[in-house]
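Single-structure report; data block below.
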Amino acid sequence: MEKANYVASAGLAMALFCALKLNQPLLLEGEPGVGKTEAAKVFARVLNTDLIRLQCYEGIDLSEAVYEWNYPKQLLAIRIAETEKHHLEEHDLFTEEFLIERPLLKALRHKGEMSSVLLVDEVDRSDDEFEAFLLELLGESTITIPELGTFGSDRPPVVILTSNRTRDLHDALKRRCIYHWISYPDIETTISILRRHVPEASKTLLSQSAATVNRIREINHLQKPPGIAETIDWVRALVLLGVDSIEDQKAPVAWGSLIKYREDLDIVESTLRGTG
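Each number in our numbering corresponds to the 1-based position in the sequence shown with 938 added.
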């Protein structure tokens, strides 16, 4: 995965390998911004297969996750049939022609040489009913559409679920999955990540930035500690400003790339002044 500019820990690499070889879903948990979603994207690129993503949210239902019928197209077919004085039976309107595949069904019916990677992102934002359906899908690797029958796959997708732990997932879902917690990277790993994404940054800037971000994450009561993506954006902004050291007077101009709340910025600036 390093060739795709993703620095994966040995634990994450092993979890991904086991998920692939054992055909088990992988549940990635961690704070927002630690690279859970990016891990799935990079893994799909490494496998040279399609990434199919389902973004979960409160109230998501089967029509948005699995399938729905193309009602406008069905209505048009009815009107055309009436114009041409043809009679359409109900089963004529519930065929593949009118089926809209959503991510879960699309992943199950994927026709590529390699199984697709199905990313169920932020599953903790969905409700209990959807989680129960997801558990059934992961167990059976089939989806039943009453009008068309049951669909399965000879090559089920590689399923990666992510959670920010806004709520606890059911034990039954966790038992089905391989589990891995992604922590914020340490200073040395952060430097390695930054070097890959911002190679034009000086060694001094890379080490100072990594140490500063690590210190910021240790501050209590921040609404949004900076993640990896924000850290990369921050260093890119500093380089754009011609900053080689965060002690440069221009450096504070780039805080907006790293800190996303005014209250957090006040706390960060006060803390860094007190410990600088």
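Glycine included, each C-beta is placed from N, C-alpha and C at the ideal position. Because the structure is a prediction, the values reported are computed rather than measured.
According to the neighbour-count rule (16 or more other Cβ atoms, all chains shown, within 10 Å of its Cβ), is residue i buried or exposed?
i	result
residue 1159	exposed
residue 1029	exposed
residue 1215	Since the first residue of the chain shown is 939 and the last is 1214, residue 1215 is not available in this structure.
residue 948	exposed
residue 1110	exposed
residue 1024	exposed
residue 1059	buried
residue 1092	exposed
Report the option in the options whose CA atom is closest to the CA atom of residue i.
i	options	result
residue 944	1072, 1133, 1183, 1051	1133
residue 1002	1053, 1041, 1102, 955	1041
residue 1051	1098, 1037, 1065, 988	988
residue 1157	1113, 1207, 1171	1207
residue 1079	999, 1204, 1004	1004
residue 1123	1046, 1138, 950	950
residue 976	1067, 995, 1099	1099
Is residue i helix, strand or coil by DSSP?
i	result
residue 1072	helix
residue 1212	helix
residue 1027	coil
residue 993	strand
residue 1107	coil
residue 1004	coil
residue 1140	coil
residue 1101	strand
Could you tell me the boundaries of the beta strand (DSSP E) in which residue i lies?
i	result
residue 1057	1055 to 1059
residue 1087	1087 to 1089
residue 1193	Note, residue 1193: premise wrong, no beta strand (DSSP E); not H, not E.
residue 1118	1116 to 1119
residue 1033	Per DSSP, residue 1033 belongs to no beta strand (DSSP E) and is neither H nor E.
What residue range is occupied by the uninterrupted alpha helix (DSSP H) comprising residue i?
i	result
residue 1172	1166 to 1178
residue 1126	1125 to 1135
residue 1043	1041 to 1046
residue 964	Run containing residue 964: none in the alpha helix (DSSP H); it sits in the beta strand (DSSP E), 964 to 967.
residue 984	974 to 985
residue 1018	1009 to 1021
residue 949	948 to 960
Could you compute how far the alpha carbon of residue i sits from the alpha carbon of residue j?
i	j	result
residue 952	residue 1033	42 Å
residue 1097	residue 1187	47 Å
residue 1150	residue 1054	39 Å
residue 1088	residue 1137	51 Å
residue 978	residue 957	12 Å
residue 1155	residue 1195	15 Å
residue 1115	residue 986	23 Å
Would you say the beta carbon of residue i comes nearer than 8 Å to a heavy atom of the ligand ATP?
i	result
residue 1147	Summarising the ligand content, the structure contains no ligands, and the ligand ATP is consequently not present.
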